[in-house]
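Respectively, the protein sequence lines represent chains H and A.
FYI, in full-length UniProt numbering the residues of the first sequence are 1 to 252.
FYI, in full-length UniProt numbering the residues of the second sequence are 1 to 253.
From the three backbone atoms N, C-alpha and C, an ideal C-beta is built for every residue, glycine too.
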Amino acid sequence: MTVVIQDVGKIFETRTREPVTALGGITLEIQKGEFVAILGPSGCGKTTLLRMIAGLDTPTTGSILVEGKPVTGPDPRLAMIFQEYSLYPWRTVRANVAFSLQMRGVAKEERDTITDRFIRLVGLDGFADSYPYELSGGMRQRVAVARALATDPAVLLMDEPFGALDAQTRNRMQKELLEIWENTRKTVVFVTHSVDEAVYLADRIIVLSPRPGRLSAIFDVRFSRPRDRTSVEFASLRRDVLELIDQLEESQ
Amino acid sequence: MRWYLKVIPPLFLLLAWEVASILINNPFILPTPTSVALVLLSPMADILGSGSIIDNALLSIWRVILGFGLAVLCAVPAGIIIGRYRIIDELVNPLIQLFRPIPPLAWVPLALAWFKIGLASIVFIIFIGSFFPVLINTIDGVRRVNRTWIETALIYGAKGWKLLVYVIIPAAAPAIWTGLRVGFGVAWMCVVAAEMLPGTNSGIGYLIMYSYNWGQVQVIIAGMIVIGIIGIGADLLFRTIEKKKFQWQEMNR
Numbered sequence: 001m002t003v004v005i006q007d008v009g010k011i012f013e014t015r016t017r018e019p020v021t022a023l024g025g026i027t028l029e030i031q032k033g034e035f036v037a038i039l040g041p042s043g044c045g046k047t048t049l050l051r052m053i054a055g056l057d058t059p060t061t062g063s064i065l066v067e068g069k070p071v072t073g074p075d076p077r078l079a080m081i082f083q084e085y086s087l088y089p090w091r092t093v094r095a096n097v098a099f100s101l102q103m104r105g106v107a108k109e110e111r112d113t114i115t116d117r118f119i120r121l122v123g124l125d126g127f128a129d130s131y132p133y134e135l136s137g138g139m140r141q142r143v144a145v146a147r148a149l150a151t152d153p154a155v156l157l158m159d160e161p162f163g164a165l166d167a168q169t170r171n172r173m174q175k176e177l178l179e180i181w182e183n184t185r186k187t188v189v190f191v192t193h194s195v196d197e198a199v200y201l202a203d204r205i206i207v208l209s210p211r212p213g214r215l216s217a218i219f220d221v222r223f224s225r226p227r228d229r230t231s232v233e234f235a236s237l238r239r240d241v242l243e244l245i246d247q248l249e250e251s252q
Numbered sequence: 001m002r003w004y005l006k007v008i009p010p011l012f013l014l015l016a017w018e019v020a021s022i023l024i025n026n027p028f029i030l031p032t033p034t035s036v037a038l039v040l041l042s043p044m045a046d047i048l049g050s051g052s053i054i055d056n057a058l059l060s061i062w063r064v065i066l067g068f069g070l071a072v073l074c075a076v077p078a079g080i081i082i083g084r085y086r087i088i089d090e091l092v093n094p095l096i097q098l099f100r101p102i103p104p105l106a107w108v109p110l111a112l113a114w115f116k117i118g119l120a121s122i123v124f125i126i127f128i129g130s131f132f133p134v135l136i137n138t139i140d141g142v143r144r145v146n147r148t149w150i151e152t153a154l155i156y157g158a159k160g161w162k163l164l165v166y167v168i169i170p171a172a173a174p175a176i177w178t179g180l181r182v183g184f185g186v187a188w189m190c191v192v193a194a195e196m197l198p199g200t201n202s203g204i205g206y207l208i209m210y211s212y213n214w215g216q217v218q219v220i221i222a223g224m225i226v227i228g229i230i231g232i233g234a235d236l237l238f239r240t241i242e243k244k245k246f247q248w249q250e251m252n253r
């Protein structure tokens with residue numbers, strides 16, 4: 001197991017000092033190389049869960065293990081891709097991708113070799129010396145993916161990475177992400193609120209219920225990739241997941 | 001850009017000035033534009049034994065560089081620390097709020113008591129004047145650094161001084177630069193005012209005050225024009241560098 005989430009809960013304190021349970025006791029195991037999507041209506045704590053795996057937030061209860069060792073803070077085994085605004089605008093694409101390597105003291109030459117490889121992997125050759133503001137939203141997210149992969153993490157955490165993109169770019173990015181994933185076989189935890197995206201990408205879809213977030217259902221997506229959005233099986237799974245989410249939202 | 005629109009008001013002002021000076025017909029109240037232009041056209045010429053406009057202006061610039069440089073050296077590090085640590089902010093904020101509204105010139109008597117008349121007093125006044133704009137902008141810039149940038153840095157293993165050098169400072173740099181620009185403007189105003197104090201005997205501020213005593217109004221106006229031009233020049237320099245270095249700021253998002 002690459003990621004083991006054991007009875008993880010999170011209680012926040014509001015401004016009036018009242019405790020609010022954001023997540024209540026989630027238990028989940030994620031296998032090496034698996035692509036897991038976490039889905040749920042807004043306010044279900046899916047981003048909180050991801051941030052706790054990343055070590056940016058600490059769980060109030062329970063524990064998170066990555067490759068057998070507990071996560072106590074930001075950690076080189078984990079890389080995270082945010083929805084947007086995570087690139088450093090004063091750095092070129094190359095310098096952005098090299099950031100983590102630079103922070104870890106990798107020598108310049110080795111850094112350049114690794115960086116160039118991942119810039120090529122995400123299809124941005126020729127843009128290495130461009131600045132983020134010269135790129136489209138989709139290209140920026142590819143830079144973020146390259147930067148994450150350059151650290152060779154055990155787990156790739158993605159927090160609605162394509163949420164700010166237009167529909168066409170989004171579909172293309174999903175396809176490209178799957179190609180990259182098939183090449184690198186990283187374990188991916190992908191938070192989204194798009195059912196379509198989850199069914200298209202994931203091996204397993206974890207559905208959380210809102211306030212407090214609890215594990216509501218797990219769907220295995222068994223049909224092979226690349227998936228056809230117009231196929232019967234795709235449509236039927238999407239309908240099942242959507243129905244469940246509708247119910248969860250209504251019961252709130 | 002309709003550049004010709006920018007030219008109309010100065011030309012109109014010049015015309016009005018010419019007409020007014022002819023009507024008033026008293027060079028001790030309003031000299032003609034021509035007499036002022038004559039002073040400006042020979043900037044290296046000695047004026048009443050006090051040195052030329054250029055000499056005095058350079059001396060004023062040098063004083064500003066000393067006072068402003070000292071202010072930057074103190075205010076930028078202080079601003080970074082205050083912006084970074086909430087607890088220090090809460091600790092020193094009342095002090096900043098207390099001192100900030102005091103006009104730099106209100107410090108003059110104290111400066112004279114401490115440093116006597118001379119370079120040290122002038123530099124001190126400039127220091128006080130430019131310290132706060134630089135400090136406030138630095139604090140603000142550091143505090144507003146995008147949270148995602150910091151979290152990304154943490155995830156990728158930056159902390160301590162690396163986080164500061166590679167993320168916080170570059171991210172806050174445009175705001176710090178704005179502070180420098182504003183601070184320099186204030187410093188320039190302070191030097192001219194400080195040089196008018198009794199006992200001073202050099203600098204562009206002194207030169208125009210001295211010219212008043214001798215009834216040389218055309219030199220006063222010429223000096224004021226030089227002060228304005230240097231101010232605009234410095235501001236333009238700051239803005240040009242800002243555009244070149246921080247263009248990511250406007251085009252980001």
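Sub-8 Å separation of residue i and residue j beta-carbons
i: H:Leu208; j: H:Leu215; result: yes
i: A:Pro9; j: A:Val217; result: no
i: residue 262 of chain H; j: H:Arg142; result: As displayed, chain H neither begins before 1 nor continues past 252, which places residue 262 of chain H out of reach and without an answer.
i: H:Thr2; j: H:Glu67; result: yes
i: A:Ala175; j: A:Gly141; result: yes
i: H:Leu56; j: A:Glu90; result: no
i: H:Gly9; j: H:Thr61; result: yes
i: A:Tyr156; j: H:Thr48; result: no
i: A:Val76; j: A:Thr138; result: yes
i: H:Ala148; j: H:Ala79; result: yes
i: A:Gly228; j: A:Ser60; result: no
i: A:Ile47; j: A:Val219; result: yes
i: H:Arg239; j: H:Phe219; result: no
i: H:Glu34; j: H:Thr187; result: yes
Environment of residue i [buried if 16+ CB atoms lie within 10 Å]
i: H:Pro161; result: buried
i: H:Thr113; result: exposed
i: H:Pro70; result: exposed
i: H:Asn96; result: buried
i: A:Arg253; result: Caution is warranted here: a pLDDT of 47 is assigned to A:Arg253, below 50, making its placement in the model unreliable, and the coordinate value is therefore given only provisionally. When all chains shown are included, A:Arg253 counts as exposed.
i: H:Val63; result: Checking the sequence, you will find Ser at residue 63 of chain H rather than Val. H:Ser63 comes out exposed.
i: A:Leu73; result: exposed
i: H:Val45; result: The sequence shown places Gly at residue 45 of chain H, rather than the Val named in the question. H:Gly45 should be labelled buried.
i: A:Arg144; result: exposed
i: H:Ser42; result: exposed
i: H:Met52; result: buried
i: A:Leu44; result: Reading the sequence as shown, one finds Met at residue 44 of chain A and not Leu. Per the 10 Å Cβ criterion, exposed.
i: H:Glu13; result: exposed
For residue i, the first and last residue of its enclosing alpha helix (DSSP H)
i: H:Arg214; result: Counting along the chain, H:Arg214 falls outside any alpha helix (DSSP H), though it belongs to the beta strand (DSSP E) covering 214-220.
i: H:Glu110; result: 108-121
i: A:Pro170; result: 169-195
i: H:Arg225; result: Segment: none, H:Arg225 is in no alpha helix (DSSP H) and carries neither H nor E.
i: H:Arg204; result: Counting along the chain, H:Arg204 falls outside any alpha helix (DSSP H), though it belongs to the beta strand (DSSP E) covering 204-209.
i: A:Phe19; result: The sequence given here has Val at residue 19 of chain A, not Phe. Note, A:Val19: alpha helix (DSSP H), 3-24.
i: A:Ile204; result: 204-213
Neighbouring residues, chain A, relative to residue i (Cβ below 7 Å)
i: H:Met80; result: Ile155
i: H:Trp90; result: Pro170, Trp248
i: H:Thr151; result: Tyr156
i: H:Pro76; result: Gly157
Under 8 Å from the C-beta of residue i: neighbouring residues of chain A
i: H:Ala98; result: Here the premise fails: no neighbours, minimum Cβ distance about 10 Å.
Interface residues of chain H facing residue i [CB-CB closer than 8 Å]
i: A:Asn146; result: Tyr85
i: A:Lys162; result: Met103
Cutoff 7 Å; reference residue i; Cβ partners in own chain excluding five residues on either side
i: A:Cys190; result: Pro104, Ile125, Ile126, Gly129
i: A:Pro198; result: none
i: H:Glu233; result: Phe223
i: H:Leu87; result: Asn96, Pro132, Arg140, Val143, Ala144
Cβ-based neighbour list, residue i, same chain, cut-off 6 Å, excluding 5 preceding and 5 following
i: H:Leu50; result: Leu157, Asp159, Val191
i: A:Ile221; result: Val36
Where residue i meets chain H, residues with beta-carbon distance less than 7 Å
i: A:Gly158; result: Checking the sequence shown, residue 158 of chain A turns out to be Ala, not Gly. The answer, in chain order, is Met103.
Cross-chain neighbours of residue i in chain A, by beta carbon under 9 Å
i: H:Leu56; result: Glu151, Leu154, Ile155
Chain-order list of residues whose beta-carbon lies under 8 Å from that of residue i (same chain, five-residue window excluded)
i: A:Phe115; result: Ser121, Phe124
i: H:Leu244; result: Val207, Ser216, Ala217
i: H:Thr169; result: Ser136, Gly137, Gly138, Phe162
Extent of the continuous beta strand (DSSP E) to which residue i belongs
i: A:Lys159; result: Where A:Lys159 is concerned, there is no enclosing beta strand (DSSP E), given that its DSSP letter is neither H nor E.
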